[in-house]
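One structure is given here, and the rest of the page talks about it.
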Ligand SMILES: Cc1cc2nc3c(=O)[nH]c(=O)nc-3n(C[C@H](O)[C@H](O)[C@H](O)COP(=O)(O)O)c2cc1C
Ligand SMILES: Cc1cc2nc3c(=O)[nH]c(=O)nc-3n(C[C@H](O)[C@H](O)[C@H](O)COP(=O)(O)O)c2cc1C
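Chains as they are written, first to last, in UniProt numbering: chain A, 1 to 439; chain B, 1 to 439.
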């Protein structure tokens with residue numbers, strides 16, 4: 001069998017286009033109900049996708065006057081979806097900056113058990129300015145400090161997941177022994193940021209460890225991914241950039257005693273589909289026409305940390321200086337895009353509205369499949385983070401039109417062959433460390 | 001219609017009897033699956049019960065060698081049950097000592113939206129010694145300090161729930177206004193324990209505030225309940241004690257500007273059912289015979305903070321002195337029980353094994369209904385916290401045998417008449433504070 005690509009459905013209330021909720025195809029009231037998400041999850045599972053993913057932030061996101069992105073806490077929602085699905089992986093975002101490792105280890109272990117081994121964790125360090133203000137702080141901790149905490153955090157979490165050896169729960173009615181306490185160990189962690197005795201109060205997860213996902217793109221972020229992540233989300237506008245990122249991250253793995261296939265790199269793409277290319281472009285224009293420029297300018301200003309309110313919408317992007325704070329990679333991506341394609345502020349807003357910096361591609365199902373195949377076979381991706389412009393329509397279209405095309409080309413599974421999220425991504429189940437030490 | 005009683009199903013893996021998992025009626029492997037809980041939830045809903053409840057602790061609970069109580073994080077599990085049920089309330093325990101208010105406000109708001117207004121929060125301050133050790137501490141904070149934090153915590157959480165006024169999400173496609181930001185307010189809380197700017201990133205919960213439940217029994221705990229709680233769980237062994245507790249808590253409400261019917265008092269009961277009284281007692285004996293005495297002695301020693309390992313099982317409880325630390329009310333309850341009924345250590349262990357200090361009552365469905373009716377009509381309870389000795393069997397029996405008897409007596413609903421948890425308990429939906437201020 002040829003190498004298979006992996007597909008993750010990145011869900012977001014009404015879709016990834018900023019104006020999705022205004023489009024006639026979406027029903028933004030229904031998008032606040034569990035039923036909406038159940039339908040999306042089942043559609044993705046019908047398409048045999050590897051996983052679902054929910055982003056998260058712990059503050060109002062963007063300007064809620066114009067967008068609909070703020071909603072349910074992802075672990076809560078994914079648990080509700082665990083019961084409504086059977087195969088698909090469930091990846092929730094959670095911050096290492098504003099959580100405690102015991103809680104997160106427990107929640108992901110719980111979700112992993114309840115879903116029969118389908119939990120994944122998108123590890124984020126919370127780059128937003130506002131998040132700190134909801135957690136007893138006046139400002140977000142510095143970038144490097146956030147990653148230091150994230151490093152100790154993941155070490156503690158892994159120790160907690162391993163604090164019950166695999167066979168600890170013997171459940172022997174006759175002898176009255178529920179768990180073999182010789183196989184359950186306190187972790188006695190004492191470090192810079194955390195002091196955690198353990199053990200966890202949930203048996204070892206079905207997958208050993210839930211799948212670890214990461215999307216950092218700074219130097220430190222990429223090193224973190226190379227050390228810990230098993231799947232990487234990334235925003236890449238061009239094949240060349242995507243290929244460079246792919247090679248960069250893969251090359252880092254050896255340093256951490258890992259092989260390149262132990263990490264799956266999944267660039268984002270927002271596919272705007274039409275029966276013809278013209279229809280797809282028309283759909284894109286339709287969505288762009290619904291953008292509120294005031295909101296777009298504000299978003300762009302935030303991204304670039306530079307107030308653009310005074311500049312003409314149809315003029316060029318002014319000199320915004322060099323990166324100061326926020327997300328270095330998004331800053332570079334946006335200024336690069338403006339320069340390369342000589343875009344006006346309005347055009348730039350439209351390009352970002354589609355996928356907040358992720359690649360937007362309007363075309364026929366065959367054209368979309370061509371793009372995915374090209375990136376995949378030419379070594380810029382192990383799969384993709386699919387970001388439908390509208391929901392549920394954009395996901396249904398992808399599943400009904402693009403997935404069969406990928407299957408015809410022998411690039412994507414036609415049935416699930418594994419029962420866990422790790423299984424879908426072809427990743428091994430980690431052994432308990434305790435056993436490794438004993439060996 | 002006569003005054004109606006309320007019923008909450010307190011779920012626990014294999015049941016509330018310590019030895020439930022060893023009984024031939026339980027399947028402790030299945031009890032670690034979502035399917036088990038879905039079945040329990042649907043059984044409780046078939047019985048028209050007001051709510052389900054899951055306890056929680058953030059450390060291994062008891063000695064896992066002999067018990068099966070440690071498992072899933074309750075909010076995670078209840079979210080999974082939200083999709084599998086339609087009417088029943090979903091009450092999760094969460095600690096104010098080891099959490100941050102923004103996270104909990106968000107999670108309960110999420111569950112409330114996803115379940116259509118069925119979320120409740122059992123507010124605990126985490127009395128366990130071990131929990132602190134998993135959260136960067138060498139010891140649990142002092143009792144009064146825990147309640148001080150709990151007080152500020154709930155104030156912050158309520159402000160966050162109210163940070164979106166009810167009509168804030170206008171979702172107007174035509175004008176492009178998703179939310180009326182004039183109706184969304186930062187909370188700018190700065191206090192002793194927390195600094196939280198807000199607003200929350202989830203719209204106001206369906207119920208305004210998820211139902212607030214509490215089970216404190218110290219003086220401070222009861223004052224906290226009188227000020228904030230809408231339902232109270234409590235362990236009471238005798239009618240007299242139950243009546244005294246009921247009167248005590250109800251009498252406190254006026255001081256906080258509340259009326260007695262704004263709080264529902266729900267003593268726990270573990271009903272061991274049989275077709276005849278003899279059959280019920282046989283069943284109780286069967287369960288007690290499965291207790292591991294070593295475990296019972298350890299549990300009792302912990303409860304009394306006094307090592308009982310050296311004493312003969314069939315001798316009397318030695319002098320354990322006066323209460324030092326842990327749960328004052330459980331200490332009093334256990335020493336009172338031993339003295340009143342002149343119990344040996346083994347007998348005491350058996351009495352506690354049934355419900356960890358909650359009342360255990362073995363009898364026929366009619367006898368159980370008589371007990372409930374007596375406590376209810378004579379003013380010792382507004383309803384009950386039903387703690388089935390084994391699961392699922394003990395819950396199925398209660399629903400099939402006791403509930404119809406209560407319905408025949410006109411004491412319990414035959415159909416749900418409300419769609420929210422507050423509705424089931426006959427409690428009002430709180431107005432947003434912001435509006436109150438403006439009025
Ligand atoms: C597809 C994708 C999804 C992301 N989701 C989140 C998220 O849900 N929450 C969050 O705080 N950051 C999220 N991020 C941001 C990254 O975690 C990371 O903070 C950002 O790329 C900056 O990288 P750095 O932290 O290494 O500087 C996401 C990034 C990508 C590419
Ligand atoms: C039915 C019931 C359920 C309880 N559930 C929990 C629980 O899940 N987690 C917890 O830490 N404490 C739980 N408690 C303990 C109480 O929250 C409280 O800590 C205890 O009654 C001691 O009261 P005090 O804190 O006022 O001293 C429960 C108590 C009762 C009666």
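Heads up, the beta-carbon is just placed ideally off N, CA and C, and yes, glycines get one too.
Integer-rounded CB distance, given that residue j should sit under 8 Å from residue i
i: residue 403/B; j: residue 47/B; result: 5 Å
i: residue 432/A; j: residue 204/A; result: 7 Å
i: residue 430/A; j: residue 15/A; result: That pair is no contact at about 35 Å.
i: residue 235/A; j: residue 358/A; result: 5 Å
i: residue 159/A; j: residue 193/A; result: No, residue 159/A and residue 193/A are not in contact; Cβ-Cβ is about 14 Å, not under 8 Å.
i: residue 448/A; j: residue 104/A; result: The question about residue 448/A has no answer here: the residues shown for chain A are numbered 1 through 439.
i: residue 109/A; j: residue 61/A; result: In fact, because the Cβ distance is near 27 Å, the residues do not count as touching under 8 Å.
i: residue 132/A; j: residue 139/A; result: 6 Å
i: residue 334/A; j: residue 102/B; result: That pair is no contact at about 30 Å.
N-terminal and C-terminal residue of the beta strand (DSSP E) that residue i is part of
i: residue 359/B; result: 359 to 363
i: residue 171/A; result: 169 to 172
i: residue 105/A; result: It is not in any beta strand (DSSP E) - residue 105/A instead sits in the alpha helix (DSSP H) that spans 101 to 114.
i: residue 412/A; result: No beta strand (DSSP E) contains residue 412/A, which DSSP labels as neither H nor E.
i: residue 178/A; result: 177 to 179
Closest Cα partner of residue i within the set the options
i: residue 90/A; options: 97/A, 75/A, 101/A, 99/A; result: 75/A
i: residue 127/A; options: 111/A, 120/A, 121/A, 144/A; result: 144/A
i: residue 182/B; options: 165/B, 197/B, 3/B, 204/B; result: 165/B
i: residue 4/A; options: 171/A, 423/A, 286/A; result: 423/A
i: residue 239/A; options: 361/A, 310/A, 284/A, 309/A; result: 361/A
i: residue 230/A; options: 224/A, 248/A, 211/A; result: 211/A
i: residue 409/A; options: 383/A, 370/A, 251/A, 421/A; result: 370/A
i: residue 343/B; options: 314/B, 199/B, 216/B, 104/B; result: 314/B
i: residue 79/B; options: 113/B, 345/B, 59/B, 259/B; result: 113/B
i: residue 302/A; options: 327/A, 291/A, 288/A; result: 327/A
i: residue 191/A; options: 171/A, 378/A, 154/A; result: 154/A
i: residue 440/B; options: 350/A, 295/A, 373/A, 427/A; result: Past the boundaries of the shown model lies residue 440/B; chain B is included only from 1 to 439, so the question cannot be answered.
i: residue 293/B; options: 2/B, 18/B, 8/B, 7/B; result: 18/B
i: residue 350/A; options: 383/A, 290/A, 307/A; result: 290/A
i: residue 316/A; options: 26/A, 94/A, 347/A; result: 347/A
i: residue 427/B; options: 415/B, 249/B, 207/B, 244/B; result: 207/B
i: residue 413/B; options: 323/B, 248/B, 88/B, 337/B; result: 88/B
i: residue 411/B; options: 119/B, 122/B, 373/B, 77/B; result: 373/B
Residues near residue i in its chain [Cβ-Cβ closer than 7 Å; skip 5 each side]
i: residue 381/B; result: 242, 246, 265, 266, 267, 375
i: residue 298/B; result: 63
i: residue 40/A; result: 11, 391, 392, 395
i: residue 311/A; result: 318, 345
i: residue 437/A; result: For residue 437/A, the predicted model reports a pLDDT of 45, less than 50, meaning its position is unreliable; a value from the coordinates is still stated below. Counting only Cβ-Cβ distances below 7 Å, and skipping sequence neighbours, we find nothing.
i: residue 401/A; result: 273, 365
Min CB distance residue i to chain D below 8 Å
i: residue 110/A; result: Within the model displayed, chain D is absent; protein chains A and B are what it includes.
Host alpha helix (DSSP H) of residue i (start-end)
i: residue 280/B; result: 277 to 288
i: residue 327/B; result: Where residue 327/B is concerned, there is no enclosing alpha helix (DSSP H), given that its DSSP letter is neither H nor E.
i: residue 396/B; result: 393 to 397
i: residue 263/A; result: Neither: residue 263/A is in no alpha helix (DSSP H) and is coded neither H nor E.
i: residue 147/A; result: 143 to 161
i: residue 79/B; result: 74 to 82
i: residue 239/B; result: 239 to 252
i: residue 122/B; result: Counting along the chain, residue 122/B falls outside any alpha helix (DSSP H), though it belongs to the beta strand (DSSP E) covering 119 to 124.
Cβ shell of residue i (< 6 Å), same chain only, five flanking positions each side left out
i: residue 36/A; result: 30
i: residue 284/B; result: 272, 362
i: residue 355/A; result: 16, 270, 387
i: residue 233/B; result: 215, 266, 385
i: residue 330/B; result: 303, 357
i: residue 397/A; result: 273
i: residue 435/B; result: Reliability of the predicted coordinates at residue 435/B is poor, the pLDDT of 48 falling under 50, and the value obtained from them is presented with this limitation in mind. There are no such residues.
i: residue 135/A; result: 98
Nonlocal neighbours in the same chain, by C-beta distance under 8 Å from residue i, ignoring five residues either side
i: residue 256/B; result: 226, 227
i: residue 399/A; result: 43, 44, 46, 47, 49
i: residue 417/A; result: 423
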